[in-house]
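> When the count follows this note's numbering, it moves up by one through the sequence shown with no breaks and lands on 540 for the last residue. Where a beta carbon is used, it is the ideal one built from N, C-alpha and C, also for glycine. As the structure is a prediction and not an experimental result, all values here were calculated from the model. Dropping the structure in here first, questions after.
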Amino acid sequence: MSVYLSKSQYCSAVQCPKMLWLRKKRPELFDDSVMDEHILATGNSVGDLAMGLFGPFTEVPHGDLSGMIEATRRLIDAGETNIAEASFSYQGLFCSVDILRNLGNGSVEIYEVKSSTSIRDIYYHDVAYQNYVLTMLGFQVEKVCLVHINSEYVRGKELDIHQLFITEDLTECARSMSAEVGKTIAFLGSYLSADEEPAQELGEQCFTPYDCGFWGHCSEHLPSPNIFTVSGMQLKKKVEHYRKGLVSFPELDRAGNLNAKQAQQIEHEIRGLPPELDKKMISLFLGELEYPLYFLDFESFQPAVPLYENSRPYEQIVFQYSLHYIEAEGAPLKHTEYLAWPGEDPRRKLAEQLCKDIPMGVTTLAYNMSFEKGRIKALAQLYPDLAEHLMNIYDSMLDLMQPFQKRWFYCRDMQGSYSIKYVLPALFPGDPELDYHNLEGVHNGAEASAVFEAMADMPQEQLLEYREHLLKYCGLDTLAMVKVWEKLGEVADPL
Ligand code: SF4
46 MSVYLSKSQY
56 CSAVQCPKML
66 WLRKKRPELF
76 DDSVMDEHIL
86 ATGNSVGDLA
96 MGLFGPFTEV
106 PHGDLSGMIE
116 ATRRLIDAGE
126 TNIAEASFSY
136 QGLFCSVDIL
146 RNLGNGSVEI
156 YEVKSSTSIR
166 DIYYHDVAYQ
176 NYVLTMLGFQ
186 VEKVCLVHIN
196 SEYVRGKELD
206 IHQLFITEDL
216 TECARSMSAE
226 VGKTIAFLGS
236 YLSADEEPAQ
246 ELGEQCFTPY
256 DCGFWGHCSE
266 HLPSPNIFTV
276 SGMQLKKKVE
286 HYRKGLVSFP
296 ELDRAGNLNA
306 KQAQQIEHEI
316 RGLPPELDKK
326 MISLFLGELE
336 YPLYFLDFES
346 FQPAVPLYEN
356 SRPYEQIVFQ
366 YSLHYIEAEG
376 APLKHTEYLA
386 WPGEDPRRKL
396 AEQLCKDIPM
406 GVTTLAYNMS
416 FEKGRIKALA
426 QLYPDLAEHL
436 MNIYDSMLDL
446 MQPFQKRWFY
456 CRDMQGSYSI
466 KYVLPALFPG
476 DPELDYHNLE
486 GVHNGAEASA
496 VFEAMADMPQ
506 EQLLEYREHL
516 LKYCGLDTLA
526 MVKVWEKLGE
536 VADPL
């Protein structure tokens, strides 16, 4: 039975055949919130950059499949050496090769480009499928390679794409998987012809290598909450419990065998316990905080292709911070902030401003401070003249997350998490001032990163509008920290 497949459909079937069945027969059930537009855009721009790896090239224009296949055929016949997006079809199996090296006389090399920094298992299937299609079409495939980003690359003044990319030869592997590809395609031929929705047990494949957009549909029979909403448990363990029939919280509670934090989440949920407070530990924690107090939050973005000299692929580049501060007990809350302009390296000016805004020797609070500390340390390494001041901020930083991470303060609405996104609404339910949903344009860190990157291409008016959105978002992050600190003060034992 013939089957019509693209490369990405083949790879989704490798992850879970039912995913492909649903994609073809019930596409309306797909939850496209699993699609990260930013990651897709990164993949496209990395792919575009890699096209020049072998010198001049011709790209097959995007269009209908038959037009792309025909254009590829003409380029090969004309002896074009480097063809980007070279497209082929064999008995309904379609694939586009990121870079095809045409060696002449039917001999070719396949280069698949990925924006990741390492090889994932699914990539072997990806290149094996391409090798299969081209081999079945009669090409002599001399080489099958994966091109991915070199995480060790440090950019100089100019970008060097030959240093940025690593090429891994997967020829042997792709060839050895040919029979497997053939079998999978034959299996899919009959599997996809079924009209009735196939049975498929939930498992690790629902989340790895990619989150499946049909999870909502396939898991609709599960009670809420369930084993998959237990916080701090490895996916493998969750699947083990699920397969043993331990799905609902009462079932998990009866079976036991949970760690203390998991048991606490489940007990609070099913018994409606009052908030748990270790007032003494909270008091000791607050006692460490001396005025003046600074509340700091960074926003960063991670360009796959390093934009600035002395930066690496996917390095976290801080472009913004918000800083609330209180100079003395009873003094008013003050605020300052920094937001870089797109198009320039934000690190030096931000580091300088941070040193002006946070004096040496004061206590700075961050929520989940490993992130802020990591960025400050990187800035200190980059700018030795600012290192003493930056490392002083680093050394005197404390983590506002600690009381929640250590469960000195826990309540049911935290749902087993100590992330600020759970802690804040749990402590201030229904408070519109602290509700990120009420913000415009930017509601979370991922959106902040994407907006900052996009600002480089925005017209002035839109850019100014999004600057305001970013400032409000980051400002709310540190205001939230102040409120959390105040709440801790309300519930703690007096010292
Ligand atoms: S949710 Fe899981 S079982 Fe359902 S289609 Fe996706 S991967 Fe397959």
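Closer than 6 Å is what we want: which residues have a beta carbon that near any heavy atom of the ligand SF4? List them in chain order.
Cβ atoms closer than 6 Å to the ligand SF4 belong to C61, K63, M64, L67, Q245, L247, Q250, C251, C257, F259, W260, C263.
> Grab the span of the beta strand (DSSP E) containing A501 for me, first residue to last.
Mapped onto the sequence shown, residue 501 falls at position 456. Careful: A501 lies outside any beta strand (DSSP E) and carries neither H nor E.
> If contacts are defined as beta-carbon pairs under 8 Å, then C140 and P320 qualify, I think. What distance do you get, rounded to the angstrom?
On the sequence shown, residue 140 is found 95 positions in, with the first residue counted as 1. On the sequence shown, residue 320 is found 275 positions in, with the first residue counted as 1. Rounded, the Cβ-Cβ distance is 56 Å, inconsistent with contact.
> How would you call G461, buried or exposed, if buried means at least 16 neighbouring beta carbons within 10 angstroms?
Reading the sequence shown from its first residue, position 416 is the one you call residue 461. Its Cβ being crowded by 16 or more others within 10 Å, G461 is buried.
> DSSP on T162, reduced to helix/strand/coil?
Looking up residue 162 in the sequence shown gives position 117. Coil.
> On the DSSP letters alone, give me the boundaries of the beta strand (DSSP E) that V292 sits inside.
Residue numbering aside, residue 292 sits at position 247 when the sequence shown is read from its first letter. First-last for V292: undefined, no H or E at that position.
> Are F340 and W66 closer than 9 Å when you measure CB to CB?
Taking the sequence shown and counting its residues from 1, the one referred to as residue 340 is at position 295. Taking the sequence shown and counting its residues from 1, the one referred to as residue 66 is at position 21. No, these two residues do not count as a Cβ contact at 9 Å.
> Is the distance from the Cβ of L445 to the Cβ of L410 below 9 Å?
As a working note, residue 445 is residue 400 in the sequence shown. As a working note, residue 410 is residue 365 in the sequence shown. Yes, they are a contact pair.
> Which residues bound the alpha helix (DSSP H) around N302?
Here residue 302 is taken as the residue at index 257 of the sequence shown, counted from 1. Here N302 belongs to no alpha helix (DSSP H), and DSSP marks it neither H nor E.
> Please check the pair R392 and V363, which I expect to be a contact at CB under 8 Å, by giving their CB distance rounded to whole angstroms.
Counted from its first residue, the sequence shown places residue 392 at position 347. Counted from its first residue, the sequence shown places residue 363 at position 318. Indeed they touch by this definition, with Cβ atoms about 7 Å apart.
> Should G258 and D502 be called a contact, given that it needs their Cβ atoms to be closer than 9 Å?
Translated into the one-based positions of the sequence shown, residue 258 becomes position 213. Translated into the one-based positions of the sequence shown, residue 502 becomes position 457. Not closer than 9 Å, so no.
> Since N127 is in the alpha helix (DSSP H), which residue starts that stretch and which ends it?
For the purposes of this step, residue 127 is identified with residue 82 of the sequence shown, where counting begins at 1. First-last for N127: 127-135, but that is the beta strand (DSSP E), not the alpha helix (DSSP H).
> For K1, count the other beta carbons within 10 Å of its own beta carbon; 16 or more makes it buried, fewer makes it exposed. Which is it?
With the chain running from 46 to 540 in the structure shown, residue 1 is simply not present.
> When you compare the CB positions of E614 and M442, do they come within less than 9 Å of one another, or not?
In the structure as shown, the chain begins at 46 and stops at 540. Residue 614 is therefore absent and cannot be evaluated.
> In terms of alpha-carbon separation, which member of D390, M526, E187, V153 lies closest to N355?
Taking the first residue of the sequence shown as 1, we reach residue 355 at position 310. Among D390, M526, E187, V153, the Cα nearest to that of N355 is on D390.
> In its own chain, which residues sit with a C-beta less than 7 Å from the C-beta of Q450, not counting the 5 before and 5 after it?
Locating residue 450 in the sequence shown gives position 405, where the first residue counts as 1. Contacts found: Y463.
> Suppose contacts are defined by Cβ-Cβ distances below 9 Å. Is L334 in contact with T408 by that definition?
Walking along the sequence shown from the start, residue 334 turns up at place 289. Walking along the sequence shown from the start, residue 408 turns up at place 363. Cβ atoms of L334 and T408: closer than 9 Å.
> What is the C-beta distance between V158 and A219, in whole angstroms, given that I count them as a contact (C-beta under 8 Å)?
Your numbering for residue 158 matches position 113 in the sequence shown. Your numbering for residue 219 matches position 174 in the sequence shown. Contact doesn't hold; Cβ gap of about 15 Å is too wide.
> Entirely within the segment 437-483 and at least 4 residues each: give me those alpha helix (DSSP H) ranges in chain order.
Taking only runs of at least 4 residues, the alpha helix (DSSP H) segments lying wholly in the segment 437-483 are 447-450, 465-472.
> Mind listing, in chain order, the continuous alpha helix (DSSP H) runs of no fewer than 4 residues lying wholly within the segment 382-438?
The qualifying runs are 392-402, 414-427.
> May I ask you to list the residues that DSSP assigns as paired with Y212?
On the sequence shown, residue 212 is found 167 positions in, with the first residue counted as 1. One point to set straight first is that residue 212 is Thr, not Tyr, in the sequence displayed. T212 is bridged to V192.
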